[in-house]
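Per UniProt numbering, the very first residue in the sequence shown carries number 1; after that it's consecutive. Here the structure comes first, spelled out in structure tokens, and everything after it is commentary.
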Amino acid sequence: MSVSVVLSLGFLMIITAGTTSLYVDKENPYKGGALPVKNFTLSESKDDVPRHDIVYYPARRGLYAVLLFTGGFDGAIRAEMGYTDLLSRVSAHGFVVMGVDMRSDSGTSTDGLTADRDSTRTQNPPASPAHTFLQQQDWARKHLNAYLSNQTTGVSVDWENTGVFCHSAGCSITLETILLNRTNVKSTAFLEPFSFALSGGSSVDFRLPALMYGTQFCEDFPYCCVKGMDWNYIYDHWSCPKTLLATKNQGHCDILDHTMWEICHTTHFCKTGNVDNWVEYHTFIQGFVSAFFISTLQGVNDWKYLTNVSDIPIGVMNATNDTNC
Ligand SMILES: *[C@@H]1O[C@H](CO)[C@@H](O)[C@H](O)[C@H]1NC(C)=O
Ligand SMILES: *[C@@H]1O[C@H](CO)[C@@H](O)[C@H](O)[C@H]1NC(C)=O
Ligand SMILES: *[C@@H]1O[C@H](CO)[C@@H](O)[C@H](O)[C@H]1NC(C)=O
Ligand SMILES: *[C@@H]1O[C@H](CO)[C@@H](O)[C@H](O)[C@H]1NC(C)=O
Ligand SMILES: *[C@@H]1O[C@H](CO)[C@@H](O)[C@H](O)[C@H]1NC(C)=O
Ligand SMILES: *[C@@H]1O[C@H](CO)[C@@H](O)[C@H](O)[C@H]1NC(C)=O
Numbered sequence: 001m002s003v004s005v006v007l008s009l010g011f012l013m014i015i016t017a018g019t020t021s022l023y024v025d026k027e028n029p030y031k032g033g034a035l036p037v038k039n040f041t042l043s044e045s046k047d048d049v050p051r052h053d054i055v056y057y058p059a060r061r062g063l064y065a066v067l068l069f070t071g072g073f074d075g076a077i078r079a080e081m082g083y084t085d086l087l088s089r090v091s092a093h094g095f096v097v098m099g100v101d102m103r104s105d106s107g108t109s110t111d112g113l114t115a116d117r118d119s120t121r122t123q124n125p126p127a128s129p130a131h132t133f134l135q136q137q138d139w140a141r142k143h144l145n146a147y148l149s150n151q152t153t154g155v156s157v158d159w160e161n162t163g164v165f166c167h168s169a170g171c172s173i174t175l176e177t178i179l180l181n182r183t184n185v186k187s188t189a190f191l192e193p194f195s196f197a198l199s200g201g202s203s204v205d206f207r208l209p210a211l212m213y214g215t216q217f218c219e220d221f222p223y224c225c226v227k228g229m230d231w232n233y234i235y236d237h238w239s240c241p242k243t244l245l246a247t248k249n250q251g252h253c254d255i256l257d258h259t260m261w262e263i264c265h266t267t268h269f270c271k272t273g274n275v276d277n278w279v280e281y282h283t284f285i286q287g288f289v290s291a292f293f294i295s296t297l298q299g300v301n302d303w304k305y306l307t308n309v310s311d312i313p314i315g316v317m318n319a320t321n322d323t324n325c
């Protein structure tokens, strides 16, 4: 054996020993994820992060794909108020999930301190939400792995496999962010989206796998979704690959945690589905979102849990897809 062969064999062993491969969920996602999940929060004042966050992570040694999420009302519905069930259950399928509270800075005058300390923020005109979301992504790329390794040994994020998802008008922010930087993320999901970003007739003509999701009652009175700016519109103006699903007998608030759902239901803020269905619906939606990101970020190049209607455990109103590209 020559010296160079010995050397390269040794090198190969070092590489193999030092590499953890990406976690891949091979089970049926609609049955719930297998991993135990923990969380921690990040704040503007303590961590110098652009926006307050809650991070859900699998509490088991491994390398994971990563997701950033922003919620309804341009992110004013905080992840830890409205979306804990969804985000934690998606995490259990092998994702580090960062719920970004995009409006965490508004209405809290005590936060002047943070603004003063950050000179770039005080000197420049106020950033658009999409620019802030990009800053948030940059912050996460630089710091999140350090925070994770402080929480649990051996848990880290693979930034090559980043996705973003959103609910309602939070989707306006993620869509505009993608239009600003298309290479930052590998796939994206729009849950009951509302956005003007593509009205004006523009289209997304670059390749970015996308999921568009809607509910039947969302477009009913009191109109929590608007035809022409919703999942159908984004789907129709998106390149391939993409998949669309709209479910029957569900409404815009049904995705929320139970307490928030109840507030929405009793105030008739949006038309809601049946309370008896809340548990079943949440099991479906966590599986559906996870199925998409398992397919597009964990390297399972198979959309079967999304495109085979008989696998979808809930009433379907509209389903269409374009994955042959
Ligand atoms: C975060 O984890 C703690 C400890 O397990 C738990 O009590 C809490 O409910 C979690 N918080 C959220 C917002 O999910
Ligand atoms: C990680 O923990 C060490 C020791 O407690 C601390 O000094 C450091 O600031 C922590 N880093 C992060 C990113 O939380
Ligand atoms: C987009 O984001 C990536 C990853 O953060 C970065 O390397 C790249 O420079 C950005 N591109 C633009 C056009 O901002
Ligand atoms: C189903 O979605 C497609 C794609 O947006 C749309 O063209 C079609 O009109 C929808 N069908 C119904 C019945 O809503
Ligand atoms: C769709 O799923 C059903 C039930 O899991 C299965 O029997 C059927 O073969 C699948 N169809 C395709 C085209 O994969
Ligand atoms: C996806 O497209 C295929 C081929 O057009 C179709 O058979 C299938 O029903 C579609 N599934 C969904 C969920 O849209």
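All C-beta atoms, glycine included, are put in the ideal place defined by N, C-alpha and C. None of these values were measured; they are calculated from a predicted model.
As assigned by DSSP and simplified to three states, the class of residue i
i           : result
residue 81  : helix
residue 26  : coil
residue 121 : With a pLDDT of only 44 at residue 121, under 50, the local geometry of the prediction cannot be trusted, and the value read off the model is given with reservation. Looking at residue 121 - three-state DSSP - the assignment turns out to be helix.
residue 294 : helix
residue 197 : coil
residue 65  : strand
residue 209 : coil
residue 39  : strand
residue 338 : Shown here, the chain extends from 1 to 325; a query on residue 338 therefore has no answer.
residue 267 : helix
residue 311 : helix
residue 300 : coil
CB of residue i within 9 angstroms of CB of residue j, strictly
i           : j           : result
residue 23  : residue 286 : no
residue 192 : residue 263 : no
residue 211 : residue 177 : no
residue 231 : residue 225 : yes
residue 179 : residue 131 : no
residue 41  : residue 54  : yes
residue 284 : residue 305 : no
residue 198 : residue 173 : no
residue 60  : residue 20  : no
residue 152 : residue 243 : no
residue 319 : residue 162 : no
residue 250 : residue 273 : yes
residue 296 : residue 209 : yes
residue 82  : residue 257 : yes
residue 99  : residue 58  : no
residue 337 : residue 238 : Look at the range of the chain in this structure, 1 to 325, and you will see that residue 337 is not part of it.
residue 85  : residue 282 : yes
Buried versus exposed call for residue i [16 or more other C-beta atoms within 10 Å across all chains shown]
i           : result
residue 96  : buried
residue 103 : buried
residue 167 : buried
residue 316 : exposed
residue 270 : buried
residue 206 : exposed
residue 129 : buried
residue 67  : buried
residue 56  : buried
residue 302 : exposed
residue 87  : buried
residue 78  : buried
residue 310 : exposed
residue 169 : buried
residue 165 : buried
residue 122 : Because the pLDDT of residue 122 is 45, which lies under 50, any placement of that residue in the model is unreliable, and the number read from its coordinates should be weighed accordingly. Result: exposed.
residue 236 : exposed
Distance cut-off 8 angstroms: residue i Cβ against heavy atoms of ligand 8
i           : result
residue 236 : In the structure on display, ligand 8 does not appear, and the ligands it does have are ligand 1, ligand 2, ligand 3, ligand 4, ligand 5 and ligand 6.
is_contact[residue i, chain B] using C-beta, thresh 9 angstroms
i           : result
residue 163 : Of the protein chains in the structure, only one exists, and it is not chain B.
Opening and closing residue of the beta strand (DSSP E) in which residue i lies
i           : result
residue 318 : 316-322
residue 191 : 187-191
residue 160 : 155-167
residue 99  : 95-100
residue 54  : 53-58
residue 246 : 242-247
Span of the alpha helix (DSSP H) around residue i
i           : result
residue 177 : 170-180
residue 219 : Note, residue 219: premise wrong, no alpha helix (DSSP H); not H, not E.
residue 141 : 129-151
residue 46  : 44-47
Beta-carbon separation (whole angstroms), residue i vs residue j, contact threshold 8 angstroms
i           : j           : result
residue 92  : residue 35  : 5 angstroms
residue 214 : residue 246 : 4 angstroms
residue 101 : residue 51  : 6 angstroms
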